[in-house]
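> What follows is a single structure, and I will ask about it in a moment.
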Amino acid sequence: MQSHHIVSAYDDELKFLTRKIAAMGGHAERMVDQAIVALVNADPELAQQVVRDDATLDEAEREIDDRAIVIIAKRQPVAGDLREIIGAIRISADLERVGDLGKNVAKRVVAVAEGRQPVSLYRGLQALAELALTQLKEVLDVYASRSVERIEFVRDRDNQIDAMYTSLFRELLTYMMEDPRNITPCTHLLFCAKNIERIGDHATNIAETIYYVVTGDQMPPERPKQDKTHRVTLAVDTQ
Amino acid sequence: MTEASNEKRGRRMMRLFIHRFRQNRWMLAAAVVCVLAVHMIADGAGPVAIAIAVLLVCAALAPSRMPRERAAEAVAAAGHHALEGMSGEHLAAAVTDPLIVFDGDGAIVHANQAAFDAFGNLTPGILLLLKFRAPEMQEMIQSVLFGRVSSREIDYVERVPIERAFRVTASAVGRGTGLYVLVFKDQSEARRIDRMRADFIANASHELRTPLASISGFVETLRGPARDDAAARDHFLQIMQNQTVRMARLIDDLLSLSRLEMRPTLKPGVRIDLRGLVQNVIDSLAPLAAETGVSIERDFPDMTLEVYGDRDELFQVFENLLENACKYGQSGGRVAISIAGPLSSPEGETTVTIRDFGPGIAEEHIPRLTERFYRVDAGASRAQKGTGLGLAIVKHILARHNARLSIRSTLGEGAAFTVHFPPA
Chain G
1 MQSHHIVSAY DDELKFLTRK IAAMGGHAER MVDQAIVALV NADPELAQQV VRDDATLDEA
61 EREIDDRAIV IIAKRQPVAG DLREIIGAIR ISADLERVGD LGKNVAKRVV AVAEGRQPVS
121 LYRGLQALAE LALTQLKEVL DVYASRSVER IEFVRDRDNQ IDAMYTSLFR ELLTYMMEDP
181 RNITPCTHLL FCAKNIERIG DHATNIAETI YYVVTGDQMP PERPKQDKTH RVTLAVDTQ
Chain C
1 MTEASNEKRG RRMMRLFIHR FRQNRWMLAA AVVCVLAVHM IADGAGPVAI AIAVLLVCAA
61 LAPSRMPRER AAEAVAAAGH HALEGMSGEH LAAAVTDPLI VFDGDGAIVH ANQAAFDAFG
121 NLTPGILLLL KFRAPEMQEM IQSVLFGRVS SREIDYVERV PIERAFRVTA SAVGRGTGLY
181 VLVFKDQSEA RRIDRMRADF IANASHELRT PLASISGFVE TLRGPARDDA AARDHFLQIM
241 QNQTVRMARL IDDLLSLSRL EMRPTLKPGV RIDLRGLVQN VIDSLAPLAA ETGVSIERDF
301 PDMTLEVYGD RDELFQVFEN LLENACKYGQ SGGRVAISIA GPLSSPEGET TVTIRDFGPG
361 IAEEHIPRLT ERFYRVDAGA SRAQKGTGLG LAIVKHILAR HNARLSIRST LGEGAAFTVH
421 FPPA
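Chains as they are written, first to last, in UniProt numbering: chain G, 1 to 239; chain C, 1 to 424.
Okay, structure coming up:
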């Protein structure tokens, strides 16, 4: 997948970066998955573990940054190699954010677990998380295979995630209006949903970076917005 | 007795002689040739006679050697080369579990068909560490690559898009070949049975509680205040009967959903005539249509349209969709079913659209309709004896057929559910 250089150590350094990105991706996927499981099953111990795991991801991001800067300084890369290195820096930043968002979901587990919410709420959140995780997995699979021809699927799924998020938003508002005691847990769940939706956005960012790394062109600029929560309001019934 | 042993000994001697003769035949032949040559040089006899003599000797000796020894050599060769000449690719293809061969850099060298089916794109050259990113997989592959251990085994779970669990073994191929192999044993079935049990209990207990509570409430009323009220009694019994019907349906739906989730990747097999299938569904739902006062309109093309799939499952898809259309689109008074062949869409998909003219579905509900127990209006759904599982079942079945469901709706104008079958 990478061209061969006269100095084989250079190849090794580039390979190290891609491997490290993949490892980060695996950690981020795992964290988000476990955070959702902890949330749905009200499992504070698993949540604690997710919070601890975030340190690994932060460490990995710093390491990638350091290595990348050393490579740029030492080898003066051009063209594809330069894109590869810059891409690694950007993807690692996105993955680190995904980890943070997962950690944030995990931190809310205790607050939500106090008053158990209706199962249907968690179902919606689970479905949303499944979409976001599938998005992340497929994008990272493209990073492995470099087959960017089909990368348009990312945008379709991003739209689905946004539509699902808007629907969840509305549902949570309804629960809050039904009973003020729901407001605290529902607000936490709302933030969880927002975090998951942001994970989908980061996955889309990563896809755009990969497209740029492989082709040298920017992904076509069309970016339809489905997140309509900025204009969702519920009519207040005066009963 | 002595005669027999004499005979035996004679035979043995004979065999020994033949054997010795055969072993030394080249020496003998050379000797004969030499003698003849000397003879020829000595008195210049006709070369024709010598040539004939040589030919005779060869003819006498050669064939006796050929068949036997050749056969023996062939056997020896077969025993020796049976494995050596075997292609690794063929061996990998014969293994039904996913199997991936990779080199010292961690790049894929070969992946068998089962691996492609399970994990998608595994073109040679892709780095394994980029494809399998779960921390425990990374750890295992690295420990094998960097020679810390020669083989390792772990459990690996993939959550999306469908949950699958594998027991994965990584080991070095032979000694010093620089190749490694990764074998996946599918453990999903056992895990799914566990999950199915847990899910079934969770869902069933949650969803059965409502009708049960209502039945027990009515029983209480019947035994107390309404004891002597004949009219109320009949009314309450009717409601109780409806609730039991709903519970029975709920259990049916939960069971069929659980069955589908057990085997999410069943490859559908037979060709099905789509028009005939949809017509059968319409016929079977004619009583419901009559009951709800809905007329069913058909718009089928003239040509035969076939899709691959499981007949019973696809029947259930259209049954659920048409039933929903009749129930929730009742106010529109009609339901339109249209089938479009592959030529009518740019993607070459065959589509079946079931459109009702009822109140329609609000936009925010559409993305979530296929979630289990998601109800746009819980009251309306209960009134129609809905279980909240119909579309979840549809989604599952279609996923198995590589088909998909799209929903379009405008409030006040009805809803259209379209099943898209991929091009054959």
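Cβ coordinates follow ideal geometry from the N, Cα and C atoms, glycine included.
With DSSP as the reference, please indicate the residues paired to residue 356 of chain C in a beta bridge.
C:335
> So is residue 372 of chain C in contact with chain G if we call contact Cβ pairs under 8 Å?
yes
> Could you list which residues in chain G have their beta carbon closer than 7 Å to that of residue 134 of chain C, in chain order?
Close partners of residue 134 of chain C in chain G (Cβ separation under 7 Å): 26, 30.
> Go ahead and label residue 137 of chain C buried or exposed: buried means 16 or more other beta carbons lie within 10 angstroms of its beta carbon, across all protein chains shown.
buried
> Run through the DSSP bridge pairs and tell me what residue 271 of chain C is partnered with.
C:308
> Residue 259 of chain C lies in the alpha helix (DSSP H); which residues open and close that run?
230-262
> Pull up the CB-CB distance for residue 38 of chain G and residue 47 of chain G, whole angstroms please, since I reckon it's below 8 Å.
About 4 Å; that satisfies the 8 Å criterion.
> Within 10 angstroms of its Cβ, does residue 141 of chain C collect 16 or more other Cβ (buried), or is it exposed?
buried
> Residue 351 of chain C and residue 420 of chain C: beta carbons closer than 8 Å?
yes
> What's the call for residue 200 of chain G, buried or exposed, on a 16-neighbour Cβ count within 10 Å?
buried
> Would you mind giving the Cβ-Cβ distance between residue 361 of chain C and residue 144 of chain G, rounded to the nearest angstrom? I have them listed as a contact below 8 Å.
About 39 Å separates the two Cβ atoms, so there is no contact after all.
> Taking 8 Å as the threshold, find out whether the stretch 169-177 of chain G comes into contact with the stretch 130-137 of chain G through three or more Cβ pairs.
no
> Would residue 332 of chain C and residue 358 of chain C qualify as a contact pair, given that the criterion is a beta-carbon distance under 8 Å?
yes
> Run through the UniProt domain "PhoU" (22-109) of chain G for me and flag every whole alpha helix (DSSP H) of 4 or more residues, listed as ranges in chain order.
Those alpha helix (DSSP H) runs which fall completely within the UniProt domain "PhoU" (22-109) of chain G and span 4+ residues are 44-75, 79-107.
> Looking only at C-alpha atoms, which of G:198, G:214, G:30 sits nearest to residue 240 of chain G?
Residue 240 of chain G lies beyond the residue range present for chain G, which begins at 1 and ends at 239; the question has no answer from this structure.
> Any C-beta of chain C within less than 7 Å: which residues of the stretch 11-26 of chain G qualify?
18, 19, 22, 23, 25, 26
> Going by the CB atoms, is the gap between residue 208 of chain C and residue 393 of chain C shorter than 8 Å?
no
> Beta-carbon of residue 123 of chain G versus every beta-carbon of chain C: anything under 8 Å?
Yes, residue 123 of chain G counts as interfacial toward chain C.
> Report yes if the C-beta distance between residue 180 of chain C and residue 129 of chain C is below 8 Å; otherwise report no.
Cβ distance not < 8 Å, so residue 180 of chain C and residue 129 of chain C don't count as in contact.
> For a contact defined as C-beta to C-beta under 8 Å, what are the partners of residue 233 of chain C on chain G?
Going along chain G, no residue has its Cβ under 8 Å from residue 233 of chain C, so there is no contact; the nearest lies around 34 Å.
> Report yes or no: do the stretch 9-22 of chain G and the stretch 112-122 of chain C share at least 3 C-beta pairs separated by less than 8 Å?
no
> Taking C-alpha atoms, which residue in G:30, G:10, G:55, G:219 lies nearest to residue 154 of chain G?
Closest in C-alpha terms to residue 154 of chain G, from the list G:30, G:10, G:55, G:219, comes G:219.
> Which residues share a DSSP beta bridge with residue 351 of chain C?
Paired residues: C:340, C:420.
> Would the stretch 243-251 of chain C count as touching the stretch 317-337 of chain C if we require 3 or more Cβ pairs under 8 Å?
no
> For the UniProt domain "PhoU" (127-209) of chain G, which segments carrying the alpha helix (DSSP H) assignment without a break, of at least 4 residues, lie completely within its bounds, in sequence order?
153-178
> Quick one: list the residues of chain C neighbouring residue 304 of chain G, beta-carbon separation under 9 Å, in chain order.
The displayed coordinates of chain G run from 1 to 239. Any statement about residue 304 of chain G would go beyond what the structure contains.
> Counting only beta-carbon separations shorter than 8 Å, does residue 160 of chain C have a partner in chain G?
yes
> Does DSSP put residue 102 of chain C in a helix, in a strand, or in coil?
Looking at residue 102 of chain C - three-state DSSP - the assignment turns out to be strand.
> If you draw a straight line from the C-alpha of residue 100 of chain C to the C-alpha of residue 328 of chain C, how long is it?
Cα to Cα, residue 100 of chain C sits roughly 51 Å from residue 328 of chain C.
> Our contact map puts residue 304 of chain C next to residue 353 of chain C with C-beta atoms below 8 Å; I'd like the distance itself, whole angstroms only.
That pair is no contact at about 19 Å.
> Let me know the secondary structure DSSP gives residue 205 of chain C once reduced to three states.
helix
> Taking Cβ to Cβ, would you say residue 298 of chain C is nearer than 8 Å to residue 337 of chain C?
Result yes, Cβ atoms of residue 298 of chain C and residue 337 of chain C sit closer than 8 Å.
> Would you tell me roughly how many angstroms separate the C-alpha atoms of residue 93 of chain C and residue 113 of chain C, rounded to the nearest one?
7 Å
> DSSP on residue 168 of chain C, reduced to helix/strand/coil?
strand
> Taking 8 Å as the threshold (C-beta atoms), are residue 98 of chain G and residue 188 of chain G in contact?
no
> If you draw a straight line from the C-alpha of residue 135 of chain C to the C-alpha of residue 23 of chain G, how long is it?
7 Å
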